[in-house]
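With our numbering applied, the sequence shown closes on residue 180, and no number is skipped along the way.
For each residue, glycine too, the CB sits at the ideal point set by N, CA and C.
Source: prediction; values computed, not measured.
See structure below.
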Amino acid sequence: MSLVFKTIQTQGIAELSYLVGDDDEGVAAVFDPRPDCEIYIDMAREAGVAITHIFETHIHADLVSGSRELCARLESAKIFASHEGGAEYKFEVEKIKDGDRFTFGEVLITARHTPGHTPEHVAYLLADAEVPDEPWGILTGDSLFVSSAGRPDLLGEKRTKQLAEQQFHTLRDFYLKLPD
């Protein structure tokens, strides 16, 4: 396998997206794409992979999503978003839940429900398909940052306490138990 792993930063809003795949198999996924989606199409073409999946970590006002734009530009890609935490969408998505797994050649991606920033938030563990219980990476969306965690107060005052409690449990019971 030859891993494809590209990080794309959106200037001005501190948002990251990723292209992850296997160029031996010619397949890839995009995570949290931004609206100017030509960058992913160009990167995939340069890497010799086809984008088949578009994953979202969460959908709400602080995330500028380009999933629908990217999906419209690709013939066979589908959007995958969390079905956890009561999530509802006004566009077509394939709903995923905690523990769902996806394989891109030798790359295994496992969705993990990580509520706190939003109720539906998911992170994606990355591992070699042959050793699925030994992840080598994780895409955390807005749940976890370098030296901080995602804000639980963006959905209004009534939800802040509940989301803060969920964020605490996500940090303690999931992130802190991951290997270094």
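What residue ranges within the segment 40-67 form continuous beta strand (DSSP E) runs of no fewer than 3 residues, ordered along the chain?
Within the segment 40-67, the complete beta strand (DSSP E) runs of at least 3 residues are 50-55.
For residue 65 and residue 56, believed in contact at Cβ under 8 Å, the rounded distance
Indeed they touch by this definition, with Cβ atoms about 6 Å apart.
Quick one, are the C-beta atoms of residue 114 and residue 143 less than 7 Å apart?
Cβ atoms of residue 114 and residue 143: closer than 7 Å.
Give the secondary structure of residue 112 by DSSP, where H, G and I count as helix, E and B as strand, and everything else as coil.
Residue 112 falls in the strand class under three-state DSSP.
Under the three-state DSSP convention, the category residue 165 falls into:
In the three-state reduction of the DSSP assignment, residue 165 falls in the helix class.
Run through DSSP, which three-state label would residue 18 get?
Correct three-state label for residue 18: strand.
Cβ-based burial, residue 169 [other Cβ within 10 Å; buried from 16]:
Result: exposed.
Residue interval of the beta strand (DSSP E) (run including residue 91)
Looking at the DSSP string, residue 91 is not in any beta strand (DSSP E), and its letter there is neither H nor E.
Quick check: residue 196 and residue 111, are their CB atoms within less than 7 Å of each other?
Past the boundaries of the shown model lies residue 196; the chain is included only from 1 to 180, so the question cannot be answered.
Report the residue from 26, 34, 67 whose alpha carbon sits nearest the alpha carbon of residue 13.
The shortest Cα separation from residue 13 among 26, 34, 67 belongs to 34.
Please classify residue 118: does DSSP put it in a helix, a strand, or coil?
Residue state, collapsed to three classes: coil.
Touching by the beta-carbon criterion (3+ pairs, under 8 Å), the segment 115-127 and the segment 154-169
Contact holds: three or more Cβ-Cβ distances are below 8 Å.
Rounded to whole angstroms, what is the Cα-Cα separation between residue 48 and residue 95?
Roughly 28 Å between the two C-alpha positions.
Per DSSP, the bridge partner or partners of residue 187
Residue 187 cannot be examined here, being either before or after the span of the chain that is shown, 1 to 180.
Coarse secondary structure for residue 10, derived from DSSP in three states:
Looking at residue 10 - three-state DSSP - the assignment turns out to be strand.
From 84, 133, 89, 88, pick the residue whose C-alpha is nearest to that of residue 98; which is it?
Proximity to residue 98 across 84, 133, 89, 88 peaks at 84, based on C-alpha coordinates.
Would residue 139 and residue 31 qualify as a contact pair, given that the criterion is a beta-carbon distance under 7 Å?
Their beta carbons are under 7 Å apart, which means residue 139 touches residue 31 by this criterion.
If you draw a straight line from the alpha carbon of residue 46 to that of residue 71, how long is it in whole angstroms?
Each residue's Cα considered, the two are about 19 Å apart.
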